[in-house]
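Every position in the sequence shown, counted from 1, becomes a number in the working numbering once 453 is added.
Backbone N, C-alpha and C define an ideal beta-carbon position, used for all residues, glycine too.
Report on one structure; see the data block that follows.
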Amino acid sequence: MSTTVAEMIVTALADQGVRTVWGVVGDALNPVTDAIRREDRLEWIGVRHEEVAAFAAGAQAQLSGTIGVCMGTVGPGSIHLLNGLYDAKKSHAPLLAICGQVPLEELGTDYFQEVNNDLLFSDVAVFTRTISSPTQASTLLEQAVQAALSGPGVAVLTLPGDVGGADLPKDATPPRFIDSHPPTAPAMETLQKAADLINGASTVTMLVGQGAREARAEVLALAEQLKSPMVLTLKAKEGLEFNNPYQVGQSGLIGNPATTRAFEGGDVLLMIGTDFPYREWYPQGKTVIQIDARPEHLGRRIPIALGLVGHAEPTVAALRKLVDEKTETSHLDSARSHYESWCERQQALTNPKHDETLIGRVQKHFDNTDERIRPELLAQAVDRHAAPDAVFTTDTGMSTVWLSRFVTMSDRRSLLGSFNLGSMANAMPQALGAAALDRHRQVVAFCGDGGLSMLLGDLITAVSHDLPVKLIVFNNGRLGMVKLEQEQVGLPEFGTVLANPDFAAVARAIGLHAVRVEDPADVDAAVRDALAHDGPVLLDVVTNPEEIAVPGKVKVAQGWGFAIAKIRESLLSQGDS
């Protein structure tokens, strides 16, 4: 019995461990979707916008470690995948996009919906090819999957409809995939140079990123040896935050003053598994040592004294044998003390009656005259009631700030976001992907109102495919991060005000269980009930649009700019509101 190209692709992906394919059906991909229909191991999840498909598949790839798969039909359907594919690229998530194409005989004739996919995806993909003959289908699929896994990154296979439905040659061999990433470590000579720099310094501060998450035990042991405070990037929050007596939180706009103190107090800055991109947050005049498995990352953000190419676990393990144990703890103690004090101040904002206290009444006069719900209160309630193994997703913007500061990562919780691309609208699609991976694991999305409304139609996907996501909407009626960025340079708020619907009413019309919350006293119970609900839930929480997330290091120019912006907003009657 003959096998079509489409059937071969679907069977091979199922054999590889793929369990979900995301996309929108279309005529050019009919042979593939029909093969999926007949493959019991695969679930087809049809979305309302292909961008959602790419985000969801990317989320599954990041959580599972195996390849995620999405599809877009010829022309516009493939184009719609792009933003989600770029997020996968920037997140180093192994992802295969299968794209439709016009019939072979029409290629190059500017046919209806024809797009040059190989050119279109050339920047986002580590591999992009068009299958123009059944004889090359197995080989190109094998190359695409291998490229995606080894990158890891995005691979794109374009499949004209007439090729997808064609029979394979009788002597065609099935593709074989090998997913192997042997760990690497630097040469002993380089390790000794790093140890000499560390041993010659009085104090060391560590900046630790996602690349060190699998090396938790070794990294914590090194911090103990060096009596080093540990600044975490947001992507290292998962895996390295919990039960870590050395961590002092995150740096950058979402960070806290303790990280600035830790940076400034270290003679040596030891970077492990991070390509933290914000140059302005790095300390100046320090001896910088960087460990990274990707050589192109070394010295990219800050001048370094020494770069070590290697994976975190074997590299740190080898380095620990060469460094002397330090006994002076004042550097670590000072950073931790400042971090704990900052945490206490932040916790005060999570009290529903905060604005009734003396300090709260003064603060409310400046930033919450309408007595809206403080986002800190909401984020803390979610953290308190969420499952110990919950998956959290977060939109880019202020919702990420509140998650970073108030959601604690246990050894079983996971965290996803568009942390490299910085796209809006990612939280809900990524939550859908996580929920489809395991419908029994709680998935909580921190949704900005601006981000959610971009892809609002795919709330339908949660209902139609029984995906029990918990969508927490921080509805402040603003593009909050843009507002903050405008004000800190002295510009009045403009273009950031959102005329939002009642998101809960919209969600109920679609079929979700949904509740709108406007009173701070109702937040805790509403969050508790939402997270306990069996099916998909949307909690529309009206939060304070004037809440300010003060970063860890505030420049005089930023403070002055903020003051000028507020004066201008007052004269202009609150920007464009």
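Item checked: Helix, strand or coil at M877 [DSSP, three-state] -> Within the sequence shown, residue 877 is the residue found at index 424, counting from 1. Reduced to three states, the DSSP call for M877 is coil.
Check: Which runs of the beta strand (DSSP E) fall wholly inside the region 744-775 and span at least 3 residues, in chain order?
Finding: 759-762
Next item on the list: Could you spell out where the beta strand (DSSP E) holding L830 opens and where it closes?
Entry: By one-based count along the sequence shown, residue 830 stands at place 377. Where L830 is concerned, there is no enclosing beta strand (DSSP E), although the alpha helix (DSSP H) it sits in stretches over 828-838.
Notebook entry, point to check: Taking the continuous beta strand (DSSP E) assigned at A967, which residues delimit it?
Noted result: Here residue 967 refers to the residue found at position 514 of the sequence shown. Taken as a continuous stretch (DSSP letters only), the beta strand (DSSP E) holding A967 covers 966-970.
Notebook entry, point to check: Which residue's Cα is closest to the Cα of E1000: E778, P828, I551, P698?
Noted result: What you label residue 1000 is simply residue 547 of the sequence shown in a count that begins at 1. The shortest Cα separation from E1000 among E778, P828, I551, P698 belongs to P828.
Notebook entry, point to check: For H533, is the beta carbon positioned less than 7 Å from some heavy atom of the ligand NAP?
Noted result: Summarising the ligand content, the structure contains no ligands, and the ligand NAP is consequently not present.
Next item on the list: Please name the residue or residues paired with N928 in a DSSP beta bridge.
Entry: Here residue 928 refers to the residue found at position 475 when the sequence shown is read from its first residue. Note: N928 sits in a beta bridge opposite V995.
Notebook entry, point to check: How about A546 and C523: are their beta carbons less than 8 Å apart?
Noted result: Along the sequence shown, read from residue 1 onward, the residue named residue 546 stands at position 93. Along the sequence shown, read from residue 1 onward, the residue named residue 523 stands at position 70. Not in contact: A546 and C523 (Cβ atoms no closer than 8 Å).
Margin query: Just list the residues that DSSP pairs M524 with in beta bridges.
Written below: For the purposes of this step, residue 524 is taken as residue 71 along the sequence shown, with counting starting at 1. Partner(s): G476, I551.
Item checked: DSSP three-state assignment for S857, whether helix, strand or coil -> In the sequence shown, the residue the question calls residue 857 occupies position 404. In this structure, S857 counts as helix in the three-state DSSP scheme.
Margin query: Can you look up T588 in the DSSP assignment and give me helix, strand or coil?
Written below: For this step, residue 588 is matched to residue 135 along the sequence shown. Helix.
Note to self: At the level of alpha carbons, what is the spacing between V598 and L538?
What the structure shows: Translated into the one-based positions of the sequence shown, residue 598 becomes position 145. Translated into the one-based positions of the sequence shown, residue 538 becomes position 85. Approximately 15 Å between the Cα atoms of the pair.
Note to self: Which residues does DSSP list as the beta-bridge partners of W497?
What the structure shows: Walking along the sequence shown from the start, residue 497 turns up at place 44. In the DSSP output, where bridge partners are listed per residue, W497 has V474.
Margin query: Looking only at its chain, what residues have a beta carbon closer than 8 Å to the beta carbon of H818, apart from the 5 residues adjacent to it on each side?
Written below: Indexing the sequence shown from 1 puts residue 818 at position 365. Because the pLDDT at H818 is just 48, under 50, the model does not fix this residue reliably, and the point stays unresolved.
Next item on the list: Starting from R582, follow the beta strand (DSSP E) in both directions and report where the run begins and ends.
Entry: Your numbering for residue 582 matches position 129 in the sequence shown. 580-583 is the extent of the beta strand (DSSP E) around R582.
Next item on the list: Could you please give the first and the last residue of the uninterrupted alpha helix (DSSP H) stretch that includes Q700?
Entry: Here residue 700 is taken as the residue at index 247 of the sequence shown, counted from 1. Counting along the chain, Q700 falls outside any alpha helix (DSSP H), though it belongs to the beta strand (DSSP E) covering 700-703.
Check: In three-state terms, what does DSSP make of H818?
Finding: Taking the first residue of the sequence shown as 1, we reach residue 818 at position 365. The pLDDT assigned to H818 is 48, lower than 50, so where the model puts this residue is not dependable, and the model offers no usable value.
Note to self: List, from N- to C-terminal side, the beta strand (DSSP E) runs of 3 residues or more that fit wholly inside the region 601-649.
What the structure shows: 607-613
Check: Can you check whether the CB of A619 is closer than 8 Å to the CB of T457?
Finding: For the purposes of this step, residue 457 is identified with residue 4 of the sequence shown, where counting begins at 1. For the purposes of this step, residue 619 is identified with residue 166 of the sequence shown, where counting begins at 1. Yes, the pair counts as a contact, with Cβ atoms nearer than the cut-off.
Check: Just the Cα atoms here: how many angstroms apart are E667 and L673?
Finding: On the sequence shown, residue 667 is found 214 positions in, with the first residue counted as 1. On the sequence shown, residue 673 is found 220 positions in, with the first residue counted as 1. Those two C-alpha atoms are separated by around 12 Å.
Notebook entry, point to check: Buried or exposed: which applies to K774, given that a residue is buried once 16 or more other Cβ atoms fall within 10 Å of its Cβ?
Noted result: For this step, residue 774 is matched to residue 321 along the sequence shown. K774 is exposed by the Cβ-count criterion.
Check: Which of helix, strand or coil does DSSP assign to E460?
Finding: In the sequence shown, counting from the first residue as 1, residue 460 sits at position 7. Three-state DSSP puts E460 in a helix.
Notebook entry, point to check: DSSP three-state call for S867: helix, strand or coil?
Noted result: Looking up residue 867 in the sequence shown gives position 414. Note: S867 maps to strand in three-state DSSP.
Item checked: Other residues of its chain near A459: CB distance less than 8 Å, five sequence neighbours each side excluded -> Numbered from 1 along the sequence shown, position 6 holds the residue referred to as residue 459. P484, V485, D487, A488, L612, G617, G618, listed in sequence order.
Next item on the list: Put K923 into one of helix, strand or coil per three-state DSSP.
Entry: Position 470 of the sequence shown holds residue 923. Three-state DSSP puts K923 in a strand.
Notebook entry, point to check: For F845, which of helix, strand or coil comes out of DSSP?
Noted result: Stepping through the sequence shown from its first residue, residue 845 is reached at position 392. Correct three-state label for F845: strand.
Next item on the list: Find out if the Cβ-Cβ distance for the pair G850, G910 is shorter than 8 Å.
Entry: Taking the first residue of the sequence shown as 1, we reach residue 850 at position 397. Taking the first residue of the sequence shown as 1, we reach residue 910 at position 457. No. Outside cutoff.
Notebook entry, point to check: For I755 versus N997, is the C-beta distance shorter than 8 Å?
Noted result: Taking the sequence shown and counting its residues from 1, the one referred to as residue 755 is at position 302. Taking the sequence shown and counting its residues from 1, the one referred to as residue 997 is at position 544. Contact flag unset, no.
Notebook entry, point to check: With a Cβ-Cβ cutoff of 8 Å, do F927 and S852 count as a contact?
Noted result: The sequence position of residue 927 within the sequence shown is 474, counting from 1. The sequence position of residue 852 within the sequence shown is 399, counting from 1. In this structure, S852 lies closer than 8 Å to F927 by Cβ.
Checklist line | Span of the alpha helix (DSSP H), counted from its first residue to its last, around A801 | finding: The sequence position of residue 801 within the sequence shown is 348, counting from 1. Looking at the DSSP string, the run of the alpha helix (DSSP H) that includes A801 is 783-801.
Notebook entry, point to check: Near Q515, which residues of its chain fall below 7 Å by C-beta distance, leaving aside the five closest residues on each side in sequence?
Noted result: On the sequence shown, position 62 is the one that residue 515 refers to. These residues qualify, in order along the chain: S544, A546, L869.
Notebook entry, point to check: Are any of the Cβ atoms in chain E nearer than 8 Å to that of N570?
Noted result: Protein chains in the displayed structure number just one, and chain E is not present.
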